[in-house]
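Trainee: Encoded as structure tokens, here's the structure I'll be asking about.
Have a look at this one:
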């Protein structure tokens with residue numbers, strides 16, 4: 064390999080991604096969330112999406128074990144602080160965000176441009192991450208057109 068991990072990360076940073084927070088509720092009722100930009104559609108029929116979680120993340124064991132359902136909240140450009148709350152290790156931002164439980168009992172963040180509630184369909188290992196495939200059970204469209212973006216190591220908005 065003729066490049067470093069930093070070179071690889073910088074190269075990947077040239078791909079603009081959306082920003083989302085995946086939320087879930089453990090069997091004991093505790094809520095958890097994690098900021099991601101590794102989100103993609105997999106299949107239209109059945110409706111499948113995926114995201115990945117670092118093995119070192121505090122929520123890794125929950126998303127790969129106990130939590131069979133989760134909600135992917137695609138953030139709006141006004142939700143940068145929400146992204147930051149759920150990206151900090153050990154941070155519990157639930158008292159600082161507006162949310163409601165969806166029909167499947169998952170916490171859904173208010174103000175997101177869209178939200179997809181999923182049931183875990185498959186789990187795969189991928190290097191230092193676990194890849195979680197979800198079967199979409201419910202979706203909600205919010206105010207579309209103003210997503211929060213991430214490019215070159217910084218948050219961005221459309222028109223930057």
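Residue numbers (the numbering used here): 64 to 223.
Glycine included, C-beta positions come from ideal geometry on N, C-alpha and C.
#1: What number of angstroms, rounded off, separates the C-alpha of residue 136 from the C-alpha of residue 65?
#2: Measuring alpha carbon to alpha carbon, tell me which of 141, 184, 176 and 100 ends up nearest residue 75.
#3: Let me know if residue 90 comes out buried or exposed under the rule of 16 or more other beta-carbons within 10 Å of its beta-carbon.
#4: Taking residue 87 as the reference, which of 191, 189 and 182 has the closest Cα?
#5: May I have the straight-line CA-CA distance separating residue 208 from residue 188, to the nearest angstrom?
#6: What's the C-alpha gap between residue 82 and residue 171?
#7: Going by DSSP, what residue range makes up the alpha helix (DSSP H) through residue 226?
#8: When we look at the beta-carbon of residue 130 and count the other beta-carbons within 10 Å, is it buried (16 or more) or exposed?
#9: Is there contact here, the region 205-220 with the region 158-170, by at least three beta-carbon pairs under 8 Å?
#10: Classify residue 152: buried if its beta carbon has 16 or more other beta carbons within 10 angstroms, exposed otherwise.
Mentor: Working from what's here:
#1: Residue 136 and residue 65: Cα-Cα distance of roughly 37 Å.
#2: It is 100 whose Cα lies nearest to the Cα of residue 75.
#3: By the Cβ neighbour-count rule, residue 90 is exposed, with fewer than 16 other Cβ atoms within 10 Å of its own.
#4: When C-alpha distances from residue 87 are compared across 191, 189 and 182, the shortest belongs to 182.
#5: Taking the straight line joining both Cα atoms gives about 34 Å.
#6: C-alpha separation (whole angstroms): 15 Å.
#7: Residue numbering for the chain in the displayed model covers 64 to 223; residue 226 lies beyond these limits and cannot be assessed.
#8: Label assigned to residue 130: buried.
#9: Here the region 205-220 makes no contact with the region 158-170; the two share fewer than three CB pairs at distances below 8 Å.
#10: Residue burial is scored here from C-beta neighbours: residue 152 has fewer than 16 other C-beta atoms within 10 angstroms and is therefore classed as exposed.
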